[in-house]
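Remarks on the structure that follows.
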Amino acid sequence: EAPDIQVIQMDDESEVSREDQLSSNQASNEAPVLRGWRVQVLRLPWRPKGSFWREDWKADREDGRQGATLWVLQPRLFRRPQWVKCFATVRMRHLVLQQVEEHQQEVAITLPGSEALQLTSLLASDVAKWLGSLNVAGFELLADGARYLFSVAPEEARAWIERLNTDAQRRGAGWLVMADVNSTVRAEHVWAVVQDDVKQLHCFESPLDYVMQNPSRITFFLHHNALSIVDDSHPLSPELSSAFHRLQKES
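The numbering of the sequence shown is the working numbering, which starts it at -13 and goes up by one.
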């Protein structure tokens, strides 16, 4: 399905000066006010309270202190986008958010393969660059082909970017294409994560199954199985060669 995107044209307050826009972000605990911009915003797939956040989780800061919060920009129908205040934590290869107010809805953003950018980055979106030009403190998160805008206290922006990118670059999690050597069943995509402490590879239908702690679709016990490199430079048995070529065609 097409992503849920809304385009909002700001109202008559668009005539407010740049100085007023800048002054709106001076208080580090408040989200900046958006004025005078045609904003295209992607809605996060919010879920009911309790979908991801566990009762024993605490919103945490990079330095270990509790109570981290982020503001994420979200659309509203026929109105300017709003900054939604959320408790935030990095758990189980995801950035997990829980809204502070209203129904405390939650969302989990998959971090492997993602990238957090400064708002002034050349790779940032036009809206992010515009916010950066107003000295808004925050970052843009590229994840699963989408872009999300976050505002945060100025002294915490760099720490959040470093933390998210560090987790995104951790090895041992991501999408794999899996095929059974002894079967002609079509290869399938699974989201897999290596659990180092018990030497297991868990395969899920989606990364959300992992963060929601649903049972894995299949688990491989790595200390009971031999791992082989499969590419053109290594000789393969006829069975492996057939499965490898089928995997290449179906991936």
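Each residue gets a CB set at the ideal place from its N, CA and C atoms; glycine is no exception. All figures in this text were calculated on a predicted structure; none of them were measured in a lab.
K115 and L127 have their alpha carbons spaced roughly 13 Å apart. Counting along the chain, the unbroken alpha helix (DSSP H) around A114 starts and ends at 112 to 119. The DSSP-derived three-state label of A165 is coil. For R62, the three-state secondary structure derived from DSSP is strand. Looking at the backbone, the Cα of V82 and that of P224 are separated by about 45 Å. By the neighbour-count criterion, in which 16 or more other beta carbons inside 10 Å mark a residue as buried, Q199 falls on the exposed side. Per the Cβ contact rule, the stretch 95 to 111 is in contact with the stretch 121 to 141 (3 or more Cβ pairs under 8 Å). Comparing alpha carbon positions, the residue from E88, A143, W146 closest to K35 is E88. Nearest to R172 by alpha-carbon distance, out of V179, Y134, A178, V163, is V163. Taken through DSSP and simplified to helix, strand or coil, P98 comes out as coil.
Per the DSSP secondary-structure output, H89 pairs with nothing in a beta bridge. According to the DSSP secondary-structure assignment, L56 is paired through a beta bridge with C72. Rounded to whole angstroms, D130 and Y196 show a C-alpha spacing of 16 Å. Taking one beta carbon from each stretch, the stretch 181 to 192 and the stretch 200 to 211 have 3 or more pairs nearer than 8 Å; the two touch. In the three-state DSSP reduction, R157 falls in the coil class, being neither helix nor strand. For G124, DSSP records a beta bridge to S137.
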